[in-house]
Amino acid sequence: MIFLKRLWLVTLVTAFFGPLLALDAYPGIFAFKILFCLHLALFCFFLAFRKITLEINREIWPNFVFFLVWLAWAVFSLLWAGNIPDGLRNLWYLFSGLSLIGFTVFYMRKEEDLKAPLFILVAILLIIMGVGIWEYKTGLHLKTAGLIPDAGAISKTPRGVFKNQNDMATYLALYLPFLFISAKYLSVRLKTLLPALGLLACAGTGIFLLINTGSRGNLVALALSLVAAVIIYLIQGKWKAFRNVLAMVTALVVLYLVLANTHPALHYQLKRQFRIARHHLVSLEHVAGENSARMILSRNALQELHKHSLLGVGAGNAEEHMKAYRTETFQILALHNWWLEILVNYGIFIFVLYVVFTGRLLVQLYLVAVRAGPGVLKVVAESALVGLAGFPVAAVSSSSLAYSRVMWIFFGFALCAINLYCSSNAVQATEEGEKLESPVPVQSLPE
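Per my numbering, the sequence shown starts with residue 310, numbered consecutively.
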């Protein structure tokens with residue numbers, strides 16, 4: 310069990326880096342696929358010999374029922390799919406993605422189990438942001454960046470370990486809240502602002518990278534997440550915690566004013582980033598224009614869905630059906646909208662269930678974030694809640710989130726927080742019940 314748990318943690322780490330951890334001779338076979346298949350084989354072996362017992366809390370059981378229904382419908386939809394290879398590829402990513410959620414929940418059975426994964430999550434975020442800064446400074450990129458070679462062209466747009474800048478931006482929008490929330494709790498626990506200021510500075514670097522990806526949707530998503538964080542603290546009535554956040558922000562503003570006077574180049578760069586962000590947000594109205602590629606893609610995709618009686622065109626076959634309209638969309642086939650992708654690929658039934666799943670998850674995370682005591686569980690719950698608040702907008706930026714494992718891992722951590730909170734409550738209720746039902750010695754009556 311301990312070996313499998315550690316193997317799964319290593320598998321999670323490799324999931325973030327994907328094809329980057331592959332040999333040049335075999336680019337399609339990389340560390341994550343190898344470790345995932347190895348872990349799955351060992352898990353099934355031990356499960357068959359009853360060395361492992363599957364226990365799922367009743368509060369999150371409906372989520373796993375939905376996952377099984379989703380996977381079963383995806384397999385069934387291959388009966389009318391036009392492109393079977395694309396369908397099988399989509400099935401692999403769907404299965405591995407749902408497995409990332411399931412196994413993460415399975416192995417995180419105690420609050421202590423969340424500490425190492427949370428540290429790993431933050432460390433990976435800092436590493437990927439470091440790659441982004443290196444890209445911005447040098448114009449160089451890792452081999453995973455999906456760039457078309459062009460003589461003399463240098464792109465400083467950060468892509469991190471991802472194929473394009475939109476995937477990088479979605480990753481930052483989902484995971485930067487972990488830095489914000491961790492900074493808040495560090496300031497309270499350590500009774501000093503220095504470590505928290507360090508994390509906030511790293512978060513500021515992440516915002517800088519997000520702005521330079523040019524992803525408008527993810528900028529809006531991050532703004533929604535920050536607003537959600539403030540609202541949550543105000544609703545909870547945690548004025549002291551909110552004051553700590555204000556104190557940290559004030560300290561950063563003072564630090565900025567000092568550095569702006571001593572380093573004019575820094576002041577210019579920050580003003581430039583503000584102008585870029587404002588330009589991206591103002592240009593949002595053009596993205597939704599009726600003649601934009603996104604709107605044409607959406608219109609054509611819905612037409613194909615209607616032709617299939619709202620049952621979906623088949624797992625992974627949306628792009629196949631978009632080929633008929635490629636001249637209208639400038640050869641762009643990916644829908645760039647996760648919600649639309651679910652609707653078109655799997656049909657209205659799965660789409661409605663997915664919306665219910667997301668809404669239910671949001672409510673459950675809020676309850677855990679409000680009720681959980683201070684600790685790593687509360688940090689993960691609040692971070693996931695804040696990130697999920699911006700997810701509906703972030704999901705319309707990447708070309709396809711089905712192939713982005715960072716989304717599945719994010720949902721895995723969110724369900725972990727809910728499962729651990731419900732499990733701890735169940736244990737506490739059981740212990741209290743045992744105390745109430747404990748036998749009291751009764752003396753026999755004298756004859």
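Glycine included, each C-beta is placed from N, C-alpha and C at the ideal position.
> Could you give the uninterrupted runs of the beta strand (DSSP E) lying entirely in the region 320 to 383, keeping only those of 3 residues or more?
Replying inline: 335 to 339
> Is residue 318 helix, strand or coil by DSSP?
Replying inline: Along the sequence shown, read from residue 1 onward, the residue named residue 318 stands at position 9. Looking at residue 318 - three-state DSSP - the assignment turns out to be helix.
> Leaving out five residues before and five after residue 392 in sequence, what residues of the same chain have Cβ atoms less than 7 Å from its Cβ?
Replying inline: In the sequence shown, the residue the question calls residue 392 occupies position 83. Excluding positions up to five away in sequence, the list reads 626 and 629.
> Where does residue 480 fall in DSSP's three states?
Replying inline: Translated into positions along the sequence shown, residue 480 becomes position 171. Residue state, collapsed to three classes: helix.
> Which full runs of the alpha helix (DSSP H) of 4+ residues lie inside the region 649 to 728, going along the chain?
Replying inline: With a minimum length of 4 residues, the unbroken runs of alpha helix (DSSP H) contained wholly in the region 649 to 728 fall at 657 to 680 and 685 to 703.
>> Below 8 Å on the Cβ atoms is my contact criterion, and I expect residue 486 with residue 668 to pass it. Report the Cβ-Cβ distance as a whole number of Å.
In response: Here the question's residue 486 lines up with position 177 in the sequence shown. Here the question's residue 668 lines up with position 359 in the sequence shown. Contact flag wrong, Cβ pair sits at about 19 Å.
> With a cut-off of 8 Å, do at least 3 Cβ pairs link the region 641 to 658 to the region 707 to 714?
Replying inline: yes
>> Classify residue 449: buried if its beta carbon has 16 or more other beta carbons within 10 angstroms, exposed otherwise.
In response: The count along the sequence shown starts at 1 and reaches residue 449 at position 140. Exposed, by the Cβ-count rule.
> Secondary structure at residue 640, three-state DSSP: helix, strand or coil?
Replying inline: The residue given as residue 640 occupies position 331 in the sequence shown. Residue state, collapsed to three classes: coil.
>> Quick check on the DSSP output: the alpha helix (DSSP H) that includes residue 615 runs from which residue to which?
In response: Within the sequence shown, numbered from 1, the residue matching residue 615 stands at position 306. Element bounds for residue 615: 602 to 616.
>> Tell me which residues share the same chain as residue 732 and place their Cβ nearer than 7 Å to its Cβ, disregarding the 5 neighbours each side in the sequence.
In response: Numbered from 1 along the sequence shown, position 423 holds the residue referred to as residue 732. The answer, listed in chain order, is 366.
> Cα separation between residue 424 and residue 685?
Replying inline: Position 115 of the sequence shown holds residue 424. Position 376 of the sequence shown holds residue 685. A direct Cα-Cα distance of roughly 6 Å separates residue 424 from residue 685.
>> According to DSSP, is residue 743 part of a helix, a strand, or is it coil?
In response: The residue given as residue 743 occupies position 434 in the sequence shown. In this prediction, residue 743 has a pLDDT of 48, which is less than 50 and means its spatial position is unreliable; what the coordinates show is noted afterwards. If DSSP states are grouped into helix, strand and coil, residue 743 belongs with the helices.
>> Cutting at 7 Å between CB atoms, please list the residues of its own chain near residue 444, excluding the five before and the five after it.
In response: Reading the sequence shown from its first residue, position 135 is the one you call residue 444. Taken in chain order, the residues that qualify are 450, 465, 467 and 468.
> What is the residue span of the alpha helix (DSSP H) that residue 390 lies within?
Replying inline: The sequence position of residue 390 within the sequence shown is 81, counting from 1. Taken as a continuous stretch (DSSP letters only), residue 390 belongs to no alpha helix (DSSP H), as it is neither H nor E.
>> Helix, strand or coil, according to DSSP, for residue 310 in the structure here?
In response: If you number the sequence shown from 1, residue 310 lands on position 1. Residue 310: coil per DSSP, three-state reduction.
> Around the Cβ of residue 725, are there at least 16 other Cβ atoms within 10 angstroms (buried) or fewer (exposed)?
Replying inline: Taking the first residue of the sequence shown as position 1, residue 725 is located at position 416. Flag for residue 725 reads buried.
> In chain order, what residues of the same chain lie with their CB nearer than 6 Å to the CB of residue 739, ignoring the 5 residues before and after it?
Replying inline: As a first step, residue 739 must be located in the sequence shown, where it is residue number 430. Bear in mind that the predicted position of residue 739 carries a pLDDT of just 46, short of 50, making it unreliable; the figure below should be weighed with that in mind. Here the set comprises nothing.
>> I'd like the list of long-range same chain contacts for residue 475, defined as Cβ closer than 6 Å, with 5 residues on each side in sequence excluded.
In response: Within the sequence shown, numbered from 1, the residue matching residue 475 stands at position 166. These residues qualify, in order along the chain: 524, 706 and 707.
>> Rounding to the nearest angstrom, what Cα-Cα distance links residue 643 and residue 718 in this structure?
In response: Against the sequence shown, residue 643 aligns to sequence position 334. Against the sequence shown, residue 718 aligns to sequence position 409. Each residue's alpha carbon lies about 22 Å from the other.
> Roughly how many angstroms lie between the CA atoms of residue 723 and residue 674, to the nearest whole one?
Replying inline: Taking the sequence shown and counting its residues from 1, one reaches residue 723 at position 414. Taking the sequence shown and counting its residues from 1, one reaches residue 674 at position 365. The alpha-carbon atoms of residue 723 and residue 674 are separated by roughly 7 Å.
> For the candidate residues 383, 313 and 639, whose alpha-carbon lies nearest to that of residue 396?
Replying inline: Taking the sequence shown and counting its residues from 1, one reaches residue 396 at position 87. Of the listed residues, the one whose Cα sits closest to residue 396 is 383.
>> Suppose contacts are defined by Cβ-Cβ distances below 8 Å. Is residue 687 in contact with residue 698 by that definition?
In response: For the purposes of this step, residue 687 is taken as the residue at position 378 of the sequence shown. For the purposes of this step, residue 698 is taken as the residue at position 389 of the sequence shown. Going by C-beta atoms, residue 687 is not nearer than 8 Å to residue 698.
> What are the start and end residues of the alpha helix (DSSP H) that includes residue 438?
Replying inline: On the sequence shown, position 129 is the one that residue 438 refers to. Under the DSSP assignment, residue 438 falls in the alpha helix (DSSP H) whose first and last residues are 424 to 447.
> Cα separation between residue 691 and residue 636?
Replying inline: Walking along the sequence shown from the start, residue 691 turns up at place 382. Walking along the sequence shown from the start, residue 636 turns up at place 327. If I take the Cα positions, the gap works out to 45 Å.
> From residue 602 to residue 615, what does the alpha carbon distance come to, in whole angstroms?
Replying inline: Mapped onto the sequence shown, residue 602 falls at position 293. Mapped onto the sequence shown, residue 615 falls at position 306. Between residue 602 and residue 615, the C-alpha separation is close to 20 Å.
>> Could you tell me the alpha carbon to alpha carbon distance between residue 518 and residue 434, rounded to whole angstroms?
In response: On the sequence shown, position 209 is the one that residue 518 refers to. On the sequence shown, position 125 is the one that residue 434 refers to. Computed Cα separation, rounded: 12 Å.
>> Can you find the residues in the same chain that come closer than 6 Å, C-beta to C-beta, to residue 716, ignoring five residues on each side of it along the sequence?
In response: In the sequence shown, the residue the question calls residue 716 occupies position 407. Only 710 meet the Cβ criterion.
> Roughly how many angstroms lie between the CA atoms of residue 324 and residue 570, to the nearest whole one?
Replying inline: Translated into the one-based positions of the sequence shown, residue 324 becomes position 15. Translated into the one-based positions of the sequence shown, residue 570 becomes position 261. When rounded, the separation of the alpha-carbon atoms in residue 324 and residue 570 is 43 Å.
> Are residue 478 and residue 522 touching if we call contact CB-CB under 8 Å?
Replying inline: Taking the sequence shown and counting its residues from 1, the one referred to as residue 478 is at position 169. Taking the sequence shown and counting its residues from 1, the one referred to as residue 522 is at position 213. Their beta carbons are under 8 Å apart, which means residue 478 touches residue 522 by this criterion.
> When you compare only the Cα positions, how much space is there between residue 613 and residue 622?
Replying inline: Here residue 613 corresponds to residue number 304 of the sequence shown, with the count starting at 1. Here residue 622 corresponds to residue number 313 of the sequence shown, with the count starting at 1. Approximately 7 Å between the Cα atoms of the pair.
> Which whole-angstrom value describes the C-beta separation of residue 410 and residue 721, a residue pair presumed to lie in contact below a C-beta threshold of 8 Å?
Replying inline: Start at 1 with the first residue of the sequence shown, and residue 410 comes out as number 101. Start at 1 with the first residue of the sequence shown, and residue 721 comes out as number 412. Sure, about 4 Å apart at Cβ, within 8 Å.
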